[in-house]
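J.:
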Amino acid sequence: MRRIIYSLVSLVVLAVMAIGYTAVMARIGSGMPPPMLSADQQADEILVIKSTREMHLLRNGETLRSYEISLGAAPAGHKLNEGDERTPEGQYTIDWRNPSSVAHLSLHISYPNAVDKAAASDQNLDPGGNIMIHGLPNGWGFLQRLHLAWDWTNGCIAVTNAQMRHIWSRVPNNTPITIVDSI
Numbered sequence: 025m026r027r028i029i030y031s032l033v034s035l036v037v038l039a040v041m042a043i044g045y046t047a048v049m050a051r052i053g054s055g056m057p058p059p060m061l062s063a064d065q066q067a068d069e070i071l072v073i074k075s076t077r078e079m080h081l082l083r084n085g086e087t088l089r090s091y092e093i094s095l096g097a098a099p100a101g102h103k104l105n106e107g108d109e110r111t112p113e114g115q116y117t118i119d120w121r122n123p124s125s126v127a128h129l130s131l132h133i134s135y136p137n138a139v140d141k142a143a144a145s146d147q148n149l150d151p152g153g154n155i156m157i158h159g160l161p162n163g164w165g166f167l168q169r170l171h172l173a174w175d176w177t178n179g180c181i182a183v184t185n186a187q188m189r190h191i192w193s194r195v196p197n198n199t200p201i202t203i204v205d206s207i
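Take a look at the structure:
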């Protein structure tokens with residue numbers, strides 16, 4: 025019995041140390057965002073396919089790189105209003121970036137567009153906003169690909185922190201992004 029208790033206590037201590045170490049390293053590692061790559065290495069379009077949980081960085085119609093993603097906690101359908109936890113569908117742009125995001129780094133998607141605003145207004149709803157492509161919440165980077173086990177955002181598109189750094193350096197502001205349910 026003592027051996028079992030000792031083993032359990034040891035596991036808990038190791039888990040706490042690992043989480044603490046990861047949180048510290050996430051803060052140290054996040055530091056400055058990565059620099060933008062040269063124009064010939066940047067995406068000129070992003071395609072998100074919700075049904076397959078994929079995001080593709082495209083250049084001249086060819087995939088530069090693709091990523092598995094997590095979506096809003098209620099991923100089916102187009103975002104209608106603030107708080108519905110849906111990821112929007114449509115054509116938008118990456119219109120600004122946040123190097124001090126609560127989710128490692130983030131790129132803002134220009135939702136709501138004029139169509140989204142009109143649809144929400146017709147139903148007397150607030151369309152919401154602040155939809156981002158982002159990494160994992162600060163201090164939670166240790167989850168890495170485990171975040172793909174469920175859709176957990178409030179309507180955003182989530183990737184790992186390492187992937188977010190890659191995306192950050194390859195997606196300039198004003199990059200068009202198309203979000204569809206399926207192809």
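Here my numbering runs 24 ahead of the position in the sequence shown, where the first position is 1.
Just so it is clear, CB atoms sit at the ideal spot from N, CA and C, and this is done for glycine as well.
1. Taking the straight line between their C-alpha atoms, what separation do you get for Ile207 and Leu71?
2. Thr117: which of Tyr135, His128 and Ala100 sits nearest, CA to CA?
3. Looking at the structure shown, is Ala182 part of a helix, part of a strand, or coil, going by DSSP?
4. Nearest to Leu61 by CA position, among Thr199, Pro200, Asn198 and Ser193, is which residue?
5. Taking Gly96 and Gly165 to be in contact with their CB atoms under 8 Å, please state how far apart those CB atoms are, rounded to whole angstroms.
6. Please return the same chain residues whose Cβ sits closer than 8 Å to the Cβ of Gly153, not counting the five positions on each side in sequence.
7. If you run the structure through DSSP and keep just helix, strand and coil, what is Asp175?
8. The alpha helix (DSSP H) that contains Asp140, what's its start and end?
9. So which of Asn198, Ile181, Ile203 and Thr199 has the shortest CA-CA distance to Leu129?
10. Just how far apart, CA to CA, sit Ser125 and Gln168?
11. Would you call Thr87 buried or exposed, if buried means 16 or more other Cβ atoms sit within 10 Å of its Cβ?
12. Could you tell me whether any Cβ in chain C is nearer than 8 Å to the Cβ of Glu106?
13. Which word fits Tyr45, buried or exposed, when buried means at least 16 other C-beta atoms lie within 10 angstroms of its C-beta?
14. In the DSSP assignment, what are the bridge partners of Pro200?
15. Gly163 to Asn185, Cα distance in whole Å?
16. Between His132 and Ile201, what straight-line distance do the alpha-carbon atoms span, to the nearest angstrom?
17. Less than 8 Å between the CB atoms is what I'm expecting for Asp205 and Ser75, so what's the real figure, rounded?
T.: Short version:
1. 10 Å
2. Tyr135
3. strand
4. Ser193
5. Their Cβ separation, rounded to whole angstroms, is 21 Å, which puts Gly96 and Gly165 out of contact at 8 Å.
6. Glu106, Tyr135 and Pro136
7. coil
8. Ala138 to Asp146
9. Ile181
10. 17 Å
11. exposed
12. Annotation note: the requested chain C is absent from the structure, which comprises a single protein chain.
13. Note on Tyr45: pLDDT 47, under 50, position unreliable in the model; no value is reported.
14. Thr117
15. 11 Å
16. 11 Å
17. 5 Å
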